[in-house]
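S.K.:
There are 2 protein chains.
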Amino acid sequence: MTADPRLAKLSLNQRTTERWSVREAVDGCVRAGIPAIGLWREPVAEIGVPAAASLVADAGLRVSSLCRGGFLTAADAAARAEALADNRRAVDEAAGLGTDCLVLVVGGLPPGSRDLAGARARVADALTELAPYAGERGVRLALEPLHPMYCADRAVLSTLGQALDLAEAFPVDQVGVVVDTFHVWWDPDVWRQIARAGARIASFQVCDFLTPLPADVLLGRGMMGDGHIDFPPLRRAVAAAGYTGDTEVEIFNAEVWATDPDQVVATMVERYVELVLAD
Amino acid sequence: MTADPRLAKLSLNQRTTERWSVREAVDGCVRAGIPAIGLWREPVAEIGVPAAASLVADAGLRVSSLCRGGFLTAADAAARAEALADNRRAVDEAAGLGTDCLVLVVGGLPPGSRDLAGARARVADALTELAPYAGERGVRLALEPLHPMYCADRAVLSTLGQALDLAEAFPVDQVGVVVDTFHVWWDPDVWRQIARAGARIASFQVCDFLTPLPADVLLGRGMMGDGHIDFPPLRRAVAAAGYTGDTEVEIFNAEVWATDPDQVVATMVERYVELVLAD
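First to last, the protein sequences are chains A and B. In terms of my numbering, the first sequence is residues 1 to 279. In terms of my numbering, the second sequence is residues 1001 to 1279.
(1) Strictly under 8 Å for the Cβ-Cβ distance: is Gln1205 (chain B) near chain A by that measure?
(2) For Leu1166 (chain B) and Val1123 (chain B), which I take to be in contact (beta-carbon distance under 8 Å), what is that distance rounded to the nearest angstrom?
(3) List the endpoints of the continuous alpha helix (DSSP H) containing Asn1087 (chain B).
(4) Whole alpha helix (DSSP H) runs in the stretch 1013-1040 of chain B with 4 or more residues, listed along the chain?
(5) Look up Phe170 (chain A) in the DSSP assignment and say whether it is helix, strand or coil.
(6) When you compare the CB of Asp1153 (chain B) with every CB in chain A, is at least one pair closer than 8 Å?
(7) Alpha carbon to alpha carbon, what distance is there between Pro1148 (chain B) and Leu157 (chain A)?
(8) Can you find the residues in the same chain that come closer than 8 Å, C-beta to C-beta, to Ala1036 (chain B), ignoring five residues on each side of it along the sequence?
(9) Per the contact definition of three or more C-beta pairs closer than 8 Å, is the stretch 84-96 of chain A in contact with the stretch 215-233 of chain A?
(10) Check each residue of the stretch 1087-1119 of chain B: if its Cβ is closer than 9 Å to any Cβ of chain A, include it; give the result in chain order.
(11) Using a Cβ-Cβ cut-off of 6 Å (strictly less than) and excluding sequence neighbours within five positions of Phe182 (chain A), which residues of its own chain qualify?
(12) Between the beta-carbon of Val1265 (chain B) and the beta-carbon of Ile1194 (chain B), is there less than 8 Å?
(13) Helix, strand or coil, according to DSSP, for Gly1113 (chain B) in the structure here?
(14) Taking only three categories from DSSP, how would you classify Ile201 (chain A)?
(15) Using CA coordinates, which residue listed in B:Glu1274, B:Glu1018, B:Arg1031, B:Val1256 is at the minimum distance from Arg1041 (chain B)?
(16) With DSSP as the reference, label Leu1104 (chain B) as helix, strand or coil.
(17) Please name the residues in the stretch 1020-1053 of chain B whose beta-carbon is closer than 9 Å to at least one beta-carbon of chain A, in chain order.
(18) Considering just the uninterrupted stretch of the beta strand (DSSP E) at Ser1054 (chain B), what are its terminal residues?
(19) Find out if the Cβ-Cβ distance for the pair Val1022 (chain B), Arg1068 (chain B) is shorter than 8 Å.
(20) Using a beta-carbon distance cut-off of less than 7 Å, what residues from the stretch 213-242 of chain A approach chain B?
(21) Since I believe Ala1202 (chain B) is in contact with Val1177 (chain B) (beta carbons under 8 Å), could you give me their beta-carbon distance rounded to a whole number of angstroms?
(22) Can you check whether the C-beta of Phe1252 (chain B) is within less than 8 Å of a C-beta belonging to chain A?
(23) At a CB distance below 7 Å, what residues from the stretch 155-178 of chain A approach chain B? Give them in sequence order.
(24) So that I know if they touch, is there some Cβ in chain A lying closer than 8 Å to that of Thr1211 (chain B)?
(25) Between which two residues does the alpha helix (DSSP H) containing Asp1262 (chain B) stretch?
(26) How would you label Gln205 (chain A), buried or exposed, when you count the other beta carbons within 10 angstroms and need 16 or more for buried?
(27) Cβ closer than 8 Å: which chain B residues qualify as neighbours of Met268 (chain A)?
(28) Check for me: the alpha helix (DSSP H) holding Arg235 (chain A) runs from which residue to which?
(29) By the 10 Å Cβ neighbour count, where 16 or more other Cβ atoms means buried, how is Glu144 (chain A) classified, buried or exposed?
(30) So Val282 (chain A) is in the beta strand (DSSP E); what residue range does that whole segment cover?
(31) On the three-state DSSP scale, how would you describe Val1184 (chain B)?
(32) Flag Trp1186 (chain B) as yes if its beta-carbon sits less than 8 Å from any beta-carbon of chain A, otherwise no.
(33) Starting from Val1256 (chain B), follow the alpha helix (DSSP H) in both directions and report where the run begins and ends.
(34) Would Pro148 (chain A) pass as an interface residue toward chain B - the criterion being a Cβ-Cβ separation below 8 Å?
(35) Report the CB separation of Ala79 (chain A) from Leu72 (chain A) in whole angstroms; it is logged as a contact under 8 Å.
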């Protein structure tokens, strides 16, 4: 099919079509005219990095990101060493897949701990160990601030400003940030922080914020247009900051996952053009 | 009973004992040695402001706050006029109850709207109309930033910093802010903002942040000790900023509401002493 120029920077994050394998997601992107894909480590591991890299390359796609490393808040030495080792493996996998963007979800409070400052300090420490390793392999650690409702159990990194405070201690090619509309749309400081981020922006992810939130709040990510987010101002701010990379659609949503993936992709393309690219 | 000096600044927000009427909550405070109560407009309306004021005064209690005014984001003129009128009534009720603190929950996005900046601007406009009215009656509008997970549907005011940006346009005796541990504990900027708040702090509310959040995320407020918040640093920061008022315990939680209110109050007193007053 002839490439639709409006889709030139669109990427399917494969969790949006959760039931698809890497091969199926790659094929789905090709059918829909989507030129890029965000991969997850678990489905990649089912076939191995070389096979996944070949599938993507043979289809003429690019890998916009690998999800994900992180979970760097453990206090005990053994768990911490294992987390660092796992993140090095994730860097290697990103390099093997030909993407320079490894998304990091930094982890929540360790079980039973109320030491938020300590958990945040351990993330900073871990980056000191991981950033050079990533940089040497041409991979950038993309710190993803998560919505504050996940602060306790998933990511003690809660705002873009906080992510930039961490990232700026490292070279720009070693540590960047993710701007995900779901996580940042509410932040009154987001415009200033996106401008500040500039070349630190390693990934731009979109999905909508739904209310009421579902019983599992991790699944409150909706198709664009189904929630409360006004996308074009965020898209324009990220572009004005100098970001020229892909826009990845990443949706965790039980209803979306229960829908035929080709239909999900078709809706995603339609909503992307209508609601994200809108002036 | 002899007053316990450790409870000298403790207040029961009456929603914590949701099934109690004003009279029952006042009696419960007296039985537990709690010297202050945070009232809600709906139960007060059941007996009228003068009767509620008499009950509280006759029991020797003080009213630490009245909840709540706000909901100031409507775009259409009629809804907006009604909201302003309702807030003036709330100010009058606060004055009649002898409290200088009227808590405002500012409201979410109007149905179908994605104009977050517009909603926020309308809150600022409404304050311009309401603040002098409140000040003339000895009442301070206490802006409550709500956790960002409520941005869409309950309060477009999401951080203490944003609340202070709004409040500082007005005299300190007209507009203050609420520091509620549930809403602010995750904020990496909270320490700087509490210090900045200083005499703007009109209310300090405590409860814990639970995970997993319940299906109705409004009810994720837990008894202190049941969640993830480390209270003493926040208590000390608020005190260091100059706040000398009450600490109100405000818990919305189905399990707490299903428990015998006297037992809830007993647990609350115990946890307050153990976990909030701890060094």
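From the three backbone atoms N, C-alpha and C, an ideal C-beta is built for every residue, glycine too.
M.R.: For this structure:
(1) With 8 Å as the cut-off, Gln1205 (chain B) does not count as an interface residue toward chain A.
(2) Right, the Cβ-Cβ distance comes to about 7 Å (below 8 Å), so this counts as a contact.
(3) 1077-1097 is the extent of the alpha helix (DSSP H) around Asn1087 (chain B).
(4) Secondary structure in the stretch 1013-1040 of chain B: the alpha helix (DSSP H) runs of 4 residues or longer, each lying completely within the stretch, are 1022-1032 in chain order.
(5) Three-state DSSP puts Phe170 (chain A) in coil, outside helix and strand.
(6) The beta carbon of Asp1153 (chain B) falls within 8 Å of a beta carbon belonging to chain A, placing the residue at that interface.
(7) Distance between the alpha carbons of Leu157 (chain A) and Pro1148 (chain B) is about 14 Å.
(8) These residues qualify, in order along the chain: Lys1009, Leu1010, Ser1011, Leu1012, Cys1029, Leu1061, Arg1062, Val1063, Ser1064, Asp1246, Glu1248.
(9) As far as the Cβ criterion goes, the stretch 215-233 of chain A does not touch the stretch 84-96 of chain A, which means the pair count is below three.
(10) For the stretch 1087-1119 of chain B, the residues whose beta carbon sits under 9 Å from a beta carbon of chain A are, in order, Gly1108, Leu1109, Ser1113, Arg1114, Asp1115, Leu1116, Ala1117.
(11) The residues are Cys207, Phe209, Arg221.
(12) No, they are not a contact pair.
(13) In the sequence as presented, Gly is not what sits at residue 1113 (chain B); that position holds Ser. In this structure, Ser1113 (chain B) counts as coil in the three-state DSSP scheme.
(14) Strand at Ile201 (chain A).
(15) Comparing Cα-Cα distances from Arg1041 (chain B) to each of B:Glu1274, B:Glu1018, B:Arg1031, B:Val1256, the minimum goes to B:Glu1018.
(16) When secondary structure is reduced to three states using DSSP, Leu1104 (chain B) falls in the strand class.
(17) For the stretch 1020-1053 of chain B, which is checked against every Cβ of chain A, not one residue is closer than 9 Å.
(18) Element bounds for Ser1054 (chain B): not the beta strand (DSSP E) but the alpha helix (DSSP H), 1049-1058.
(19) Cβ distance not < 8 Å, so Val1022 (chain B) and Arg1068 (chain B) don't count as in contact.
(20) Answer in chain order: Leu213, Ala215, Val217, His228, Ile229, Asp230.
(21) Between Ala1202 (chain B) and Val1177 (chain B) the Cβ distance is about 6 Å, and since that is below 8 Å, they are a contact.
(22) Chain A, which has no Cβ nearer than 8 Å to the Cβ of Phe1252 (chain B), makes this no.
(23) Answer set for the stretch 155-178 of chain A: Ser158, Thr159, Gln162.
(24) With 8 Å as the cut-off, Thr1211 (chain B) counts as an interface residue toward chain A.
(25) That run of the alpha helix (DSSP H) goes 1261-1271.
(26) Under a 10 Å Cβ-count criterion, Gln205 (chain A) is classified as buried, with 16 or more other Cβ atoms of the shown protein chains found around its own Cβ.
(27) What Met268 (chain A) touches in chain B: nothing, since even the nearest Cβ is about 19 Å away.
(28) Looking at the DSSP string, the run of the alpha helix (DSSP H) that includes Arg235 (chain A) is 231-240.
(29) Here Glu144 (chain A) is buried, its C-beta having at least 16 other C-beta atoms within 10 Å.
(30) This structure gives no information on residue 282 (chain A), because the portion of chain A shown stretches from 1 to 279.
(31) It is helical.
(32) Closer than 8 Å: yes.
(33) Segment 1254-1258, the alpha helix (DSSP H) holding Val1256 (chain B).
(34) Chain B contact via Cβ: present.
(35) Between Leu72 (chain A) and Ala79 (chain A) the Cβ distance is about 10 Å, and since that is not below 8 Å, they are no contact.
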